[in-house]
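Visitor: Sequences listed follow chains A, B, C and D, in order.
Residues in the first sequence are numbered from 40 upward in steps of one, following our numbering.
Residues in the second sequence are numbered from 87 upward in steps of one, following our numbering.
Residues in the third sequence are numbered from 232 upward in steps of one, following our numbering.
Residues in the fourth sequence are numbered from 3 upward in steps of one, following our numbering.
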Amino acid sequence: MKCFVGIDLGSTTTKAVVLDEDGAVLGRGITNSRSNYDVACAVAKGEAFTNVRFSLCSRALPATTSLDSRKRADLIVDLERHFRLAQHRAQLQALRETVEEEIASIEKFYPHAPVKANVAQILDAMEAAAEPLFARGTARRSDFFRDIAASQYHREATKRACPEKLPFEALMAVFDKSILRSENRELALPFERGAGWAIEKSLEAAGLAGAPEADGLREVLRKAFAVEIEIAESVGTGYGRARLPFEKRQIRSEILCHGLGAHRMFAGTRTVLDIGGQDTKAIQVDENGIVTSFQMNDRCAAGCGRYLGYIADEMNLGLHELGPLAQQASRPVRITSTCTVFAGAEIRDRLTLGQKREDILAGLHRAVILRAMSLLARSGGISEEFTFTGGVAKNVTAVAVLRDLVQRNYGKRTLNISPDSIYTGALGAALFALRAGVKAREEEGAAA
Amino acid sequence: MDAPVVGESLESIVARAEDLTRDVRLDAVRAWKGEHPGKKAIGYLPVYVPREIIHAAGMLPVGIMGGGDQVEIVKGDAYFQSYLCHLPRSTIELGLDGSLDVLDGMIFPSTCDVIRNLSGMWQMLFPEKYVRYFDVPQDFDDRVGGEFYERELRSLIDDLAGLGGGEKVTDEALRRSIALFNENRAHVRAIYAARVKTPWLVPTSEVYLLLRAGNVLPVEEHNSLLGQYLEAARASARRPMDLARVALRGTFCEQPPIDLVRTLERAGCCIVDDDWVLAARWPKDDVAVDGDPVKSLVSAFLHRSPECPSVYLAEGKKGEALVASVKACGAEGVIFAAPSFCDPALLDQPMTQAAAKAAGIPTSAFLYSENTGQFQSIREQAGTFADSIKLS
Amino acid sequence: MTSTITAGIDIGSSAMKTVVVRHGDGAARPAILARQVERLRHRDVKALVDETYDHTLEKAGVRRDEVAYVATTGEGELVSFRTGHFYGMTAHGRGGGELVPEARAVLDIGALHARAMVVDERGRVLRYRMTSQCASGSGQFLESIGRYLGVAAEEIGPLSLEAEKPEKVSSICAVLAETDVINMVSRGIRVKDILKGIHLSMAGRFVKLLEASGAEGTVALTGGLAADIGLAAALREEAARSKASLRFVSRPEAIYAGALGAAIWAHHRLKKLAALGSEAPSP
Amino acid sequence: MATTTTTVEQARKDRSQDRQKAMLADYFHKLAIASETGGQTVHTFVPGNLTELIRSFDLLPVLPEINALQSGMRQKSGEYIQRAEKMGHSEDVCSYVKCDLGMLAGGNVGLTGEPLPRPDLLLLSYTGCFTFMKWFELLREETSAPTVMLHVPYQADGRITESMREYVVKQLREKVIPALEKLSGKKYDEDRLRENLSRSAAAEDDLVFVLESAKRVPSPIDAYFAAVYYVGPIFSAFRGTEDAVLYYQELREEIEDRIERGLGPMTPDGLLPEEKFRLVVEGPPNWTHFRDFWRMFHSEGAVIVASTYTKVGGVYDDGFRHDASRPLESLADYCMGCYTNRSLPARVEMIANYVRDYAADGFIVHSVKSCNSFSAGQLLMLREIERRTGKPGGFFESDLVDPRYFSPANVKNRIESYLQMIDQKRAGGTSR
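#1: Taking only beta-carbon positions, decide if Q209 of chain B is within less than 8 Å of chain G.
#2: Taking 8 Å as the CB-CB cut-off, is E442 of chain C touching chain D?
#3: Shorter than 8 Å from the beta carbon of M412 of chain A to some beta carbon of chain D?
#4: Hey, could you find the ends of the beta strand (DSSP E) Y216 of chain B is sitting in?
#5: Classify P63 of chain D as helix, strand or coil using the three-state DSSP reduction.
#6: Going by C-alpha distance, which of A:S97, A:A437 and A:L48 is nearest A263 of chain A?
#7: Identify which residue in A:T70, A:I399, A:L312 and A:D59 has its Cα closest to the Cα of A432 of chain A.
#8: With a floor of 3 residues, list each beta strand (DSSP E) that falls wholly inside the segment 328-364 of chain C, ordered by position along the chain.
#9: Which two residues bound the contiguous beta strand (DSSP E) that contains S450 of chain B?
#10: Give every residue of the same chain whose Cβ lies closer than 7 Å to the Cβ of L185 of chain D, excluding the five residues on either side of it in the sequence, and list them in chain order.
#11: Below 8 Å between beta carbons is the criterion; list the residues of the segment 165-178 of chain B that meet it against any residue of chain D, in chain order.
#12: Tell me the rounded alpha-carbon separation between C296 of chain A and R480 of chain A.
#13: Can you tell me where the alpha helix (DSSP H) with R161 of chain D in it begins and where it stops?
#14: Measuring only between beta-carbons, confirm whether M361 of chain C sits less than 8 Å from chain B.
#15: Which of the three DSSP states is assigned to P275 of chain D in this structure?
#16: What's the call for A488 of chain C, buried or exposed, on a 16-neighbour Cβ count within 10 Å?
#17: What is the DSSP secondary structure of G431 of chain D, reduced to helix, strand or coil?
#18: Does the segment 196-210 of chain A come close enough to the segment 265-281 of chain C to have 3 or more Cβ pairs within less than 8 Å?
#19: I need the straight-line Cα distance from E114 of chain A to A245 of chain A, nearest angstrom please.
#20: Tell me the DSSP secondary structure of C296 of chain A in three-state form.
#21: Quick one: which chain A residues come within Cβ less than 8 Å of T458 of chain B?
#22: Note down the Cα distance separating S291 of chain B from L350 of chain B, rounded to an integer number of angstroms.
#23: Would you mind telling me which residues of chain D sit closer than 9 Å to R465 of chain B, beta carbon to beta carbon, in chain order?
#24: Does the segment 246-256 of chain B touch the segment 188-203 of chain D, meaning 3 or more C-beta pairs lie closer than 8 Å?
#25: For M320 of chain C, which residues of its own chain have a beta-carbon under 6 Å away from its beta-carbon, when the five flanking residues on both sides are left out?
#26: Where are the alpha helix (DSSP H) runs, 4 residues long or more, that stay fully inside the segment 237-299 of chain C, in chain order?
#27: Against chain D, which members of the segment 317-348 of chain A pass a CB distance test of less than 7 Å?
#28: Of all the options D:I366, D:I353, D:S377 and D:Y156, which has the alpha carbon lying nearest to the alpha carbon of V413 of chain D?
#29: Find the residues of chain D that neighbour L295 of chain A, judging by a C-beta separation of less than 8 Å, and give them in chain order.
#30: So what does K320 of chain A bridge to, in DSSP terms?
#31: In the DSSP assignment, find the alpha helix (DSSP H) that holds Y226 of chain D and state where it starts and stops.
#32: Can you confirm whether T276 of chain A, when its beta carbon is compared against all beta carbons of chain C, has any partner nearer than 8 Å?
#33: Under 9 Å Cβ-Cβ, which residues of chain B neighbour G243 of chain C?
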């Protein structure tokens with residue numbers, strides 16, 4: 040089948056959205072950005088196509104009558120989590136292999152410490168923790184292997200480390216050195232160990248393995264995974280767009296993409312706020328999603344998404360956990376500096392002053408939103424309707440603070456937030472790709 | 087001898103001063119207007135503003151020095167790039183959120199490019215208000231700069247009379263006002279003298295609050311507050327402490343947050359000389375009350391203004407004045423605390439610092455802004471500076 | 232002969248350092264009995280402080296009650312059992328002077344700040360300069376970049392020494408600088424050249440600090456990055472480039488300078504207190 | 003074909019450019035040998051410079067601003083600024099000042115590679131910018147040269163009052179002229195001043211013609227990047243000279259010729275093939291990446307049709323001319339009329355008119371960290387002008403000569419987005 044792809048290569052995450060010929064969203068994929076843009080791009084695309092497969096699966100299922108809708112939904116959920124588990128194991132394996140290659144270069148700095156043995160045990164522990172991580176209904180700290188692995192490894196390393204005998208930094212050094220290289224490896228996940236295995240497991244989980252309709256289901260699912268997908272056109276955007284393997288005509292500024300993407304998600308949108316990893320954008324669009332004015336933060340990235348990332352890292356929390364924790368604040372502190380790199384110092388400083396973690400977090404969130412408010416004001420204020428996009432739009436506290444400040448400064452406004460808000464830029468890019476495709480076809484038509 | 091009878095307790099006086107310092111929304115001014123129906127209040131920014139004239143016009147001069155660390159900047163940053171100082175953004179914030187509505191006009195003296203341009207922004211944002219950019223001469227010759235300044239003062243007098251609610255300033259009224267502000271400056275000088283002699287009796291942070299209180303108080307009230315304070319402070323049982331005596335420079339416009347001043351004291355620095363709230367402290371001594379009062383103000387400005395980065399130094403070298411006052415107050419070192427992005431203060435610094443160095447006076451420098459909330463590195467620096475003075 | 236034992240604990244933003252020192256009376260130089268450094272990186276500092284302190288005392292063969300004065304510097308509040316606190320540069324100046332007696336200047340390169348100090352023969356700070364509030368070119372920055380490039384802290388120095396075409400990082404903001412670095416990698420610039428580039432831009436700032444503070448001659452390097460041979464080399468290059476008469480010396484104990492300085496001032500205070508007839512509050 | 007026009011074009015164009023080059027080279031050489039030839043120099047600033055008066059005493063004006071921006075273009079400023087910061091100057095302050103002081107400390111070598119003279123007099127004509135005052139206070143400390151202050155009052159209410167004029171004229175009479183007499187040992191000769199002033203007026207007429215030629219569609223010139231060169235002589239030491247008169251005649255002829263042949267502007271990469279965007283620019287350029295910055299526009303077919311920076315050394319398109327019949331008064335009015343000495347409402351008015359009169363698609367505010375006089379309030383100006391003209395404004399930040407504050411990727415990203423926005427707006431319908 041023909042499809043149109045939009046890729047948003049951001050400074051922290053890379054997103055891909057796939058549209059079918061009617062502009063309907065077929066799939067979305069995301070991965071953490073890395074120094075190798077092509078890999079990041081490929082992984083995001085791969086994730087999106089996997090996602091396409093699952094939606095093809097659920098589209099295909101109804102063909103078999105025997106399952107009611109709930110059962111079908113469960114089956115897809117099981118299918119997906121088993122596939123993720125298979126993926127996770129493959130990534131762990133890749134990490135293990137990388138560690139074996141790298142460990143010598145670290146060990147030589149700690150000749151008397153049993154680094155190798157302990158790292159092996161840590162990896163075993165992570166292996167053991169894999170299955171429960173993907174059990175039904177477990178919330179994961181992050182969707183990215185790097186984050187999951189990092190926190191598991193850190194926990195295990197802290198347990199094992201002891202001064203002199205087994206230095207903590209020796210264990211961490213091994214991880215730091217290996218994780219990125221292992222991330223950039225081609226994942227060896229043949230169908231039989233990946234999708235094929237996931238199909239079997241999900242059938243088992245649904246208690247259908249031996250059932251008469253099992254073969255039918257197998258057939259349907261395997262077909263869905265086998266469908267041929269052809270990319271008719273793709274457009275790239277985002278910070279790294281200049282480095283994407285695309286030609287100039289296939290590249291659009293993220294401002295335009297976010298404007299169009301937000302318009303597609305909420306047709307009434309007139310103002311868009313996007314808080315990305317290292318820049319915050321305030322965009323005004325007209326009734327067609329065409330940008331009429333915009334403002335971006337100046338050359339210092341203070342108060343951008345990355346800021347919250349550093350804070351999560353500093354407090355050893357998952358990005359997802361920040362918002363909820365800050366919600367528990369009783370008396371938020373006022374934070375004036377939003378310099379990302381100093382955030383850590385400020386937190387430690389305030390913790391030693393005896394201030395509560397959640398109160399500090401609330402203050403930090405407020406600081407981020409305040410900077411966004413000034414950009415919004417610069418770009419011409421907030422008009423009805425107002426759409427909030429980017430990773431930070433998932434953060435409950437950020438959203439709550441934003442609601443409050445908008446209400447107090449601009450009065451009643453509809454605040455749109457899509458669960459897929461992080462894909463806004465990629466969606467806009469995909470729409471540009473679709474347009475280009477349509478245009479091309481018209482021209483062909485005209486030529487003929 | 088018997089201890090003097092103290093009217094109010096020291097604590098309550100200082101507490102009142104702190105409330106007035108934190109009164110960025112000008113409740114005190116609203117109260118004053120309530121008690122004086124039909125009277126007008128005129129705001130002014132640092133530095134050189136002839137408060138006597140506003141007072142003589144029957145109006146309340148109100149010192150506007152930004153929002154300190156209390157005002158949350160929501161709209162203000164929309165008007166200023168990150169590389170500009172903080173005072174104008176909090177001032178705009180206060181203007182936009184209505185806190186300054188109680189003022190009938192604003193005077194922007196020629197202190198720097200930012201405050202100068204702020205006057206134009208005010209014209210655009212608040213067209214219904216009286217906005218005056220008050221140019222002060224950089225030529226200090228009575229016949230040249232003096233004549234220009236006199237024309238400026240007289241046109242200000244006409245403006246105020248034109249505002250309604252104001253009276254056309256008579257020489258008599260102006261002389262009365264000058265006398266009152268002479269008294270005010272005398273009180274301030276007395277407090278600083280006491281600080282030099284017995285620093286532990288009049289802590290820096292208290293004096294700072296007392297001065298700031300004058301921004302929103304009628305001069306008559308401020309005079310009595312200052313009088314009461316010094317009396318109460320002298321009578322207090324505070325014991326001497328081993329602190330490093332330092333002079334502070336760079337705070338002539340954007341004011342340091344009170345917690346910064348306290349941080350310096352905690353870090354072991356006793357500030358015996360400074361350049362904050364300068365609008366309330368020039369000219370350095372009494373303005374003549376005889377003769378033409380406008381001309382007296384002119385010559386007071388031309389010849390008796392304290393040195394500050396926003397006035398041109400016609401002759402002599404930069405920093406001579408600093409060295410002189412350091413010697414006068416027996417400071418052991420100088421701390422240059424300039425607001426971030428303050429061109430006048432920061433461009434002056436190398437010159438004044440060199441002068442101090444040449445005179446063998448140790449110096450230390452750091453940046454702040456009116457809403458600085460993190461004092462860790464400032465504490466480290468001030469502490470090290472105090473240590474090094476004390477360990478010498 | 233009587234001797235006094237003091238401890239110094241320096242809690243920085245990325246590591247805590249502990250030293251136990253014996254001071255003989257008279258001219259004898261203080262002797263370091265034991266020392267210990269622990270990276271913080273998300274660990275519970277308060278717990279770590281106790282664990283490490285006891286571990287260090289154990290190495291020194293000293294009981295807690297034998298320590299006359301526990302002096303802190305940096306985030307001293309985290310040490311519940313401290314006797315007294317000294318400010319960062321006071322401590323580093325003294326420690327640097329102790330480690331490199333001929334030095335009249337100390338460059339302390341910590342995780343967030345670099346401080347250039349001019350000291351007298353007693354290691355007392357005369358003048359200093361500190362890096363400004365933006366953290367690009369700080370140790371923290373180098374550490375996270377190292378992590379990003381998959382280079383262990385220990386390897387950064389040696390790698391940087393091998394650089395042929397160093398690529399300078401222009402950005403002032405550390406976050407944007409990080410992105411610059413990512414771009415460099417994607418442009419195929421070699422890791423060693425990137426690291427050297429970062430070392431050079433850091434060194435440039437530090438030499439500027441030293442010159443601005445009026446430092447001359449021998450400079451004692453202290454703090455976490457003092458051991459980074461790549462940075463030391465970059466410092467020499469930059470000093471030569473700006474024709475500054477600076478000679479950099481880094482001792483293996485450099486990372487303990489703050490803790491050491493605190494421990495030595497502690498001894499100084501003890502004598503003062505004794506003279507005043509009062510004694511130090513027992514730890 | 004295009005290539006041949008380009009080369010022909012080059013040939014034509016080079017005449018006025020060569021003349022300017024020669025004028026500069028000759029002048030800087032004069033300055034270099036001043037000490038031997040007994041020539042005396044007066045350091046002063048571009049806005050409100052009193053070149054006609056200075057030259058009427060046969061004194062040589064030196065303009066540190068010009069030196070600073072040329073150091074920027076020659077990639078020297080970074081080093082100079084670092085040096086100044088070592089000398090204790092803050093990262094926060096004006097980079098022109100630091101560049102100049104750093105250059106002085108490093109032997110004061112100018113663009114021709116020859117050393118610049120130390121000042122015999124610092125003429126602090128303090129127009130539109132407080133930092134000028136600090137600048138010369140610092141230079142005075144460095145060189146202990148005599149200093150004379152000319153305080154130019156600010157046009158806060160958008161007009162020049164009699165009191166302001168009287169004040170400036172009095173300072174000219176009683177302070178500046180005596181100082182120049184003392185230095186040169188010559189008496190003030192008003193007739194010579196008048197001659198200089200009438201030559202200025204002639205050159206000013208031609209300059210205005212050139213700048214206003216950009217009202218044509220397509221525009222024959224770039225009124226910002228290229229115009230920086232056009233205003234060179236009249237902003238620097240040449241106003242009131244015969245050289246300047248000739249230069250501007252020649253330049254005018256060249257532009258008239260371009261108009262006749264319907265040619266667009268010249269760029270460093272040759273003739274601009276197609277005018278896609280017409281823009282007005284507020285704010286000075288960045289000098290360290292001047293060509294890259296220019297390329298970011300012309301490579302997208304964007305032409306600057308009007309700019310405020312080309313008015314910092316004097317506003318002439320509002321009809322003001324130096325006037326021999328009232329010499330000191332017109333010098334006073336000139337000083338007070340310079341762009342940065344005008345109130346923000348007046349600046350908004352001016353730019354809004356440019357957007358209208360030059361049929362611009364939008365306007366750009368290039369906000370430089372160094373210049374508070376320009377930058378403070380620009381964000382309000384941006385909104386006000388958008389409101390008045392209905393045209394989109396773009397806002398980019400960098401600096402004058404501090405290379406650390408120009409991040410090409412960053413600026414390019416914004417310019418691209420801005421132009422794509424205008425483009426999409428014009429193509430309006432195509433989106434659904």
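Here a beta-carbon is modelled for each residue, glycine too, at the ideal position from N, C-alpha and C.
Keep in mind the model is a prediction, meaning the values are calculated, not measured.
Guide: Let me spell this out:
#1: Judged by its chain identifiers, the structure shown contains no chain G, and its protein chains are A, B, C and D.
#2: The count along the third sequence starts at 1 and reaches residue 442 of chain C at position 211. Closer than 8 Å to some Cβ of chain D, the Cβ of E442 of chain C qualifies, so yes.
#3: What you label residue 412 of chain A is simply residue 373 of the first sequence in a count that begins at 1. No, M412 of chain A lies away from the interface with chain D (no Cβ there is under 8 Å from its Cβ).
#4: Indexing the second sequence from 1 puts residue 216 of chain B at position 130. Where Y216 of chain B is concerned, the enclosing beta strand (DSSP E) stretches over Y216 to F220.
#5: Translated into positions along the fourth sequence, residue 63 of chain D becomes position 61. Three-state result, P63 of chain D: strand.
#6: Stepping through the first sequence from its first residue, residue 263 of chain A is reached at position 224. If we check each option's Cα against that of A263 of chain A, A:S97 comes out closest.
#7: In the first sequence, residue 432 of chain A corresponds to position 393, counting from 1. Checking every option, the nearest Cα to that of A432 of chain A belongs to A:L312.
#8: 336-340, 345-350 and 356-361
#9: Reading the second sequence from its first residue, position 364 is the one you call residue 450 of chain B. That run of the beta strand (DSSP E) goes T449 to Y454.
#10: Walking along the fourth sequence from the start, residue 185 of chain D turns up at place 183. Result list for L185 of chain D: Q42, L61, D122 and L123, in chain order.
#11: Y165, F166, Q167, Y169, L170 and P174
#12: Locating residue 296 of chain A in the first sequence gives position 257, counting from the first residue. Locating residue 480 of chain A in the first sequence gives position 441, counting from the first residue. Rounded to the nearest angstrom, the two C-alpha atoms are 22 Å apart.
#13: As a working mapping, residue 161 of chain D is identified with position 159 in the fourth sequence. Taken as a continuous stretch (DSSP letters only), R161 of chain D belongs to no alpha helix (DSSP H), as it is neither H nor E.
#14: On the third sequence, residue 361 of chain C is found 130 positions in, with the first residue counted as 1. Judged by the 8 Å Cβ criterion, M361 of chain C is in contact with chain B.
#15: Locating residue 275 of chain D in the fourth sequence gives position 273, where the first residue counts as 1. Coil at P275 of chain D, not helix or strand.
#16: Residue numbering aside, residue 488 of chain C sits at position 257 when the third sequence is read from its first letter. Answer is buried; the Cβ neighbour count reaches 16.
#17: For the purposes of this step, residue 431 of chain D is taken as the residue at position 429 of the fourth sequence. Here the model assigns G431 of chain D a pLDDT of 45, short of 50, so the residue's position is not dependable and the matter cannot be decided.
#18: yes
#19: Along the first sequence, read from residue 1 onward, the residue named residue 114 of chain A stands at position 75. Along the first sequence, read from residue 1 onward, the residue named residue 245 of chain A stands at position 206. Note that residue 114 of chain A corresponds to Leu in the displayed sequence, not to Glu. When rounded, the distance between both Cα atoms is 7 Å.
#20: For this step, residue 296 of chain A is matched to residue 257 along the first sequence. Looking at C296 of chain A - three-state DSSP - the assignment turns out to be helix.
#21: As a first step, residue 458 of chain B is located in the second sequence; it is residue number 372 there, counting from the start. Near T458 of chain B (Cβ distances below 8 Å), the residues of chain A are T375.
#22: Within the second sequence, numbered from 1, the residue matching residue 291 of chain B stands at position 205. Within the second sequence, numbered from 1, the residue matching residue 350 of chain B stands at position 264. Approximately 9 Å between the Cα atoms of the pair.
#23: In the second sequence, counting from the first residue as 1, residue 465 of chain B sits at position 379. Near R465 of chain B there are no residues of chain D at all, since even the closest Cβ is about 21 Å away, more than 9 Å.
#24: no
#25: Indexing the third sequence from 1 puts residue 320 of chain C at position 89. The residues are R346, M348, V356 and Y359.
#26: 276-291
#27: N327, G328, I329, V330, T331, S332, F333, Q334, M335, D337 and R338
#28: Here residue 413 of chain D is taken as the residue at index 411 of the fourth sequence, counted from 1. Nearest of D:I366, D:I353, D:S377 and D:Y156 to V413 of chain D, Cα basis: D:I366.
#29: The residue labelled residue 295 of chain A in the question sits at position 256 within the first sequence. What L295 of chain A touches in chain D: S419, Q422, M423 and Q426.
#30: Looking up residue 320 of chain A in the first sequence gives position 281. K320 of chain A is bridged to A:D313 and A:M335.
#31: As a first step, residue 226 of chain D must be located in the fourth sequence, where it is residue number 224. Taken as a continuous stretch (DSSP letters only), Y226 of chain D belongs to no alpha helix (DSSP H), as it is neither H nor E.
#32: Within the first sequence, the letter at position 237 stands for residue 276 of chain A. With 8 Å as the cut-off, T276 of chain A does not count as an interface residue toward chain C.
#33: Residue numbering aside, residue 243 of chain C sits at position 12 when the third sequence is read from its first letter. Correct list: empty, because the minimum Cβ distance to chain B is about 12 Å.
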